[in-house]
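Protein chains in written order, with this note's numbering: chain A, 1 to 304; chain B, 1001 to 1266; chain C, 2001 to 2394.
For reference, the structure discussed in these notes is given below.
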Amino acid sequence: MSARPLALSSRIPPGLAHAGLLWPSLGVILVFMVAPIAIMLTYSFLVPGAYGGVEWTFSTAAYEQILFERDFLDDSLTFTPDYLIIVARSLAQATIATLLCLVISVPTAYYIATRSDRVKNIWLFLITIPYWVNLLIRTIALLFVLRDDGPINSALVDLGVIGQPLALSYNGFAISLGLIYSFLPFMVLPLYSAFERFDFRLLEAAYDLYASRRVAFFRIVLPVMRPGLIAGSLLVFIPSVGSYLAPDILGGGKTLMIGNLIGTQFQAARNWPFGAALSMILLTITLIVLVWLARRAAQQQQTN
Amino acid sequence: MPTARLRDLRVFPGFSLLSVGCVVFLYAPIVVLAIYSFNDGRSVTRWAGFSFRWYQTVFANQNIQAAAINSVVIAVIAATVATVFALGAAIATVNGKKGGGEGAYVVLTFPLMVPEIVTAVASLVFFVAVGISLGFATILIAHIVFCIPFAYLPIKARLESMDATLPSAAADLYASPAKAFLRITLPLLLPGLVSGWLLAFIISLDDFIITALVAGPGATTLPLHIYGMLRLGMTPEVNAISTLMLAASTVLVLISGLLGQAGRKH
Amino acid sequence: MQRAIIQPNPTPPADAKAAPLSKSSSLPVQHPNSVAAEVRNLRKTYNAGTPHAHEALKDVNLSIRANEFFTLLGPSGCGKTTLLRILGGFEMLTSGTCRIFGEDVSRLPPEARPVNTVFQQYALFPHMTVRRNIAFGLEMLGKPRAEVERTVERMLDLVHMTDYADRRPDTMSGGQRQRVALARALAPQPKLLLLDEPLSALDLKLRQKMRLDLKSLQRETGITFIFVTHDQEEALAMSDRVAVISNGHLQQVGSPEDVYEQPQSRFVADFIGESNLIEAKVAGVTGGEAALDIEDFGQVHAPIAERVEVGQQVWLSIRPERLVLGAGHSDGQGPAKVTDRTYLGNAVEYHLRVGKHALTARSPRGGLRGRQDFAPDDLVSIGFEPGSIKVLLS
């Protein structure tokens, strides 16, 4: 017998009850998330106000500002790569982080998935805890470790391995490390779920047909796992590209990413339309990546 | 043919080492941070003996206390409201019912897909545009919004794993829909509800960037306060308070995990 | 099974909730001739008005008597479960009426009907013990604690589950869960008990035992059982009456003998037991008997009740075990050849070819007791036990 629809009262018509249950949540999200983003979209076409906020004049200046600087004497536009560099850096950092996370996560997730049940749970527990620990704290911890007078450098100097502390912090390297450190668990856990569902008989078949371990891994396991890999990659790429804390705390203010740039527009710089335009760009990048990767995952499903 | 040593077919060489390395990498910084929080001296590099003094400083600090209380209060309220809303949404969308089920799901998980910074600035813009002054209330509203999907997913999962004929059986045995919900559905959902609440609680407690942008003067949470401390320099007090938050998160995750295990035995 | 301690006159629950149904009416005695459930012109269409509209039940008229073990029989998807769900209140009918002991229940939700159900997957509440499960319906009806406990003990005893009273469903086998589901459904003393393929998840031996148990349980409690199954053997073994349903249509209602011996349509003839279905043409009708021409074979005679015309195309249904085979070709018939012989243990089955017709004959242990045994390629003559040919018009 299939289920009777869950109802809370036979006196309230089911349609109304259904709506009453659903709309608080939908309403809250629509009003406080979707509407704000729509407002932001509008703001990105407005002009910054004198004391912050916006003035209601239509203008595409915010978007132009990403690429060009307007000379206010003769109103000509000169190409400024500064902001583009920031966007490019964000994309690059996110890509590097995603790739490195893949390299680390795939074997780890696979390994955990092939342990016995009891051991599996212990591993999962260990991976889950950093997943839920405050991102700010973890970033601070990483900074602590990487600093010039942090434990690593002190130890190396004391042991005489190096004379000067290594510049491990306040640069691009630290940001990369920070991104990986932040989002690694985001990839391991879903990958683990995917590997759990992997049919290991495929491996047996591969070995039966004389495949070496390397071939078996790269040509059998990975392709079958592609949807999982894509899902995990999304979970690292998207937060990475919009990351605020890692570049802020670990990058030292010289290596900005989109996240910081946006934040500044709404705090110190007080250029809301510009910040809004940047946000739209970030959102678009996110959407493109989501749709592109989702489509690749769907294609995989079809060919399977 | 040379005799090859028979190993578990599924094992690939080097994976175990990498896995251990992965876990070590994840824990090393926070473990080191925690260890140095007990360092008696101010210097980060020299170990001057075991001491609780930084913790004493932190506990005595009124600002930190206020921020911590704020964080917990906001987290409790946000988690509770979000869980209630999410429960309704889960019931309404269980098993992909018609009535915009798919669209509803997209909206409900929307906050998870938008980069946090975008959510943060969009919320700020919204509150200002609508005229809500920034403060405690705006933090709370923003938290509720992003907590809903975190509460929703475990509840929905639990609901869908429930035998769908049970409400029919309850009705067959003369239970009104309200009684059926209270006596049958709710008890079975409880592990999912608790899971959802804990998740939402942790997420709210930990949030930084959204809170930073929608908080007004005077309203502060613990992460915000810690960030402010960090701006002034990496001090042992920062170590101590960070380690405390770490411990709190870990305890919450442990509780959530244990409850999950207990629930599974049912 | 022990003598049931449930009164044959179930006292209706004292607490009448939102239900206008006569739970408080004085209809305690299930007279053998009163009508327990009745559906008239029942139609059920899913997704009415859309391109995906599906008519699950088409104009069904059915009357189920009190005290009876009534079975709805048919293949998967035929609508039998839909009908059961409409009786239980889990589906709304599209048009027509549905009455339980005279009261129109079409608009009532399940909790307002004095009907209980044994679900196919049992639907036991996993977070409650066996005891609490059985007590649930009584608690919902607001029965006093002492009475609830007494009834639960009686039910546990009835289904022999007293030792499992404090166990949880997930620690029990399918057969045990089934008995708990039964006890839970019987505890509130419903006027009707609906059973949705309750035996389908059990293995053969257990199923056969449960058939007997259910049958005697019904007799002792006197409660009207409405049983759904796709297993025709089960239906014949347990029921007082059987309703054969196909594709939303009620094909035939009758006792197991009626339905088996006198099928009224090809579907019923084919679905119940096995049947040879042969096309024939009416050659003539005298009195209550028709002469029928079978192509490539010859003429046979069979009793006929309906009005037919000479030359009318009809179908003949003959059970394999009613064919009598003789050695060698008989002159009065078309030649029949054995194409296959299968030994079944308790019988031997022969596949025959007569011109364009393929027939199956079954003979108990050919070679024993004087019955002849045949081998493939043997020519045989075919005889029909008297009265074994049924003429079907559809």
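We treat Cβ as the ideally placed atom computed from N, Cα and C, and that holds for glycine.
Note down, in chain order, every chain B residue with its Cβ under 7 angstroms from the Cβ of residue i.
i: A35 of chain A; result: F1126
i: G2137 of chain C; result: L1173 and Y1174
i: Y43 of chain A; result: V1125
i: F2119 of chain C; result: T1165 and A1169
i: T108 of chain A; result: L1018, S1019 and C1022
i: L126 of chain A; result: V1023
i: F2090 of chain C; result: S1168
At a CB-CB cut-off below 9 angstroms, which residues of chain A make contact with residue i?
i: T1250 of chain B; result: I129, W132 and V133
i: I1210 of chain B; result: What I1210 of chain B touches in chain A: nothing, since even the nearest Cβ is about 10 angstroms away.
i: E1116 of chain B; result: P239, G242, S243, Y244 and G259
i: A1075 of chain B; result: By Cβ distance, chain A contributes nothing, its closest Cβ being about 12 angstroms from A1075 of chain B, past 9 angstroms.
i: V1238 of chain B; result: I140 and F144
i: Y1027 of chain B; result: L126, I129 and P130
Closest Cβ-Cβ distance between residue i and chain B: below 8 angstroms?
i: M225 of chain A; result: no
i: S2025 of chain C; result: With a pLDDT of only 32 at S2025 of chain C, under 50, the local geometry of the prediction cannot be trusted, and the value read off the model is given with reservation. Chain B, which has no Cβ nearer than 8 angstroms to the Cβ of S2025 of chain C, makes this no.
i: G242 of chain A; result: yes
i: S2381 of chain C; result: no
i: G263 of chain A; result: yes
i: A2165 of chain C; result: no
i: P2109 of chain C; result: yes
i: N2127 of chain C; result: Per the sequence presented here, residue 2127 of chain C reads as His, with Asn not at that position. Output row for H2127 of chain C: interface = yes.
i: G53 of chain A; result: yes
i: F186 of chain A; result: no
i: L256 of chain A; result: no
i: Y28 of chain A; result: One point to set straight first is that residue 28 of chain A is Val, not Tyr, in the sequence displayed. Yes, V28 of chain A lies at the interface with chain B (some Cβ there is under 8 angstroms from its Cβ).
i: N2116 of chain C; result: yes
i: Y63 of chain A; result: no
i: S2022 of chain C; result: Low per-residue confidence applies at S2022 of chain C: pLDDT is 31, beneath 50, and the placement is therefore not dependable enough to give any value.
Let me check you understand the geometry: is the CB of residue i closer than 7 angstroms to at least one non-hydrogen atom of the ligand FAD?
i: L77 of chain A; result: Annotation note on the ligand FAD: not contained in the displayed structure, which lists no ligands.
Output, in chain order, the set of chain B residues within a Cβ distance shorter than 8 angstroms of residue i.
i: N2047 of chain C; result: Here the premise fails: no neighbours, minimum Cβ distance about 10 angstroms.
i: S25 of chain A; result: F1085, A1086, G1088, A1089, L1108, I1148 and Y1152
i: R213 of chain A; result: F1012 and P1013
i: A2123 of chain C; result: D1163, T1165, L1166, S1168 and A1169
Quick one: which chain C residues come within Cβ less than 8 angstroms of residue i?
i: S946 of chain B; result: As shown, chain B starts at 1001 and ends at 1266. That puts residue 946 of chain B outside it, with no answer to give.
Hey, does residue i have any beta-carbon neighbour from chain A nearer than 8 angstroms?
i: V1253 of chain B; result: yes
i: L1213 of chain B; result: yes
i: S1242 of chain B; result: yes
i: D1040 of chain B; result: no
i: I1202 of chain B; result: yes
i: Y1055 of chain B; result: no
i: A1129 of chain B; result: yes
i: Y1227 of chain B; result: yes
i: T1221 of chain B; result: no
i: I1069 of chain B; result: no
I believe residue i touches residue j by the beta-carbon criterion, under 8 angstroms. Please report the beta-carbon distance rounded to the nearest angstrom.
i: P1029 of chain B; j: V145 of chain A; result: 5 angstroms
i: L2206 of chain C; j: F2225 of chain C; result: Wrong, their Cβ atoms sit about 19 angstroms apart, outside the cutoff.
i: P2126 of chain C; j: R2168 of chain C; result: 7 angstroms
i: A2112 of chain C; j: A2066 of chain C; result: Contact flag wrong, Cβ pair sits at about 20 angstroms.
Chain A partners of residue i, CB-CB under 7 angstroms?
i: T1119 of chain B; result: M33
Do we get a CB-CB distance below 8 angstroms when we pair residue i with the residues of chain D?
i: N2061 of chain C; result: In summary, chain D is missing from the structure at hand, where the protein chains are A, B and C.
Going along chain A, which residues have a C-beta under 8 angstroms from residue i?
i: V1032 of chain B; result: A141, F144, V145 and P151
i: P1217 of chain B; result: Here the premise fails: no neighbours, minimum Cβ distance about 13 angstroms.
Mind listing the chain B neighbours of residue i? Cutoff is C-beta to C-beta under 9 angstroms, in chain order.
i: T95 of chain A; result: Neighbours of T95 of chain A on chain B: none; closest Cβ ~16 angstroms, over 9 angstroms.
i: F217 of chain A; result: F1012
(message) If the cut-off is 9 angstroms on Cβ atoms, which residues from the region 1146-1165 of chain B count as contacting chain A, listed in chain order?
(response) Across the region 1146-1165 of chain B, CB contacts with chain A closer than 9 angstroms involve F1146, I1148, P1149, Y1152, L1159, D1163, A1164 and T1165, in sequence order along the chain.
(request) Compile a chain-ordered list of the residues in the region 1184-1199 of chain B whose CB is closer than 8 angstroms to at least one CB of chain C. (result) Within the region 1184-1199 of chain B, the residues whose Cβ lies closer than 8 angstroms to some Cβ of chain C are I1184, P1187 and L1188, listed in chain order.
(request) Could you name the residues of the region 156-184 of chain A whose beta carbon sits closer than 8 angstroms to any beta carbon of chain B, in the order they occur along the chain? (result) Cβ contacts with chain B: Y181 and L184.
(request) Would you list, in chain order, the members of the region 268-282 of chain A that have their beta-carbon closer than 8 angstroms to a beta-carbon of chain B? (result) For the region 268-282 of chain A, residues whose beta-carbon sits nearer than 8 angstroms to a beta-carbon of chain B comprise W272, G275, A276, S279 and L282.
(request) For the region 2131-2157 of chain C, enumerate the residues whose C-beta is nearer than 8 angstroms to any C-beta of chain B, in chain order. (result) Result list: F2136, G2137, M2140 and L2141.
(request) Only counting runs of 4 or more residues, tell me where the alpha helix (DSSP H) segments fall wholly within the region 1182-1239 of chain B, in order along the chain. (result) Those alpha helix (DSSP H) runs which fall completely within the region 1182-1239 of chain B and span 4+ residues are 1186-1206, 1209-1214 and 1222-1231.
(message) Give me the subset of the region 2330-2361 of chain C whose CB atoms are less than 7 angstroms from a CB atom of chain B, sorted by chain position.
(response) Those would be none; no residue qualifies.
(message) Output needed in chain order: residues of the region 2175-2202 of chain C with a Cβ under 8 angstroms from some Cβ in chain B.
(response) Residues of the region 2175-2202 of chain C with a Cβ closer than 8 angstroms to any Cβ of chain B, in chain order: R2184, A2185 and P2188.
(message) At 4 residues or longer, what runs of the alpha helix (DSSP H) sit wholly inside the region 1021-1095 of chain B?
(response) List check, alpha helix (DSSP H) in window: 1053-1060 and 1062-1093.
(message) Please give the ranges of any beta strand (DSSP E) in the region 2086-2137 of chain C, keeping only runs that are unbroken, at least 3 residues long and fully inside the region.
(response) For the region 2086-2137 of chain C, whole beta strand (DSSP E) runs of length 3 or above, ordered along the chain, are 2095-2100 and 2115-2118.
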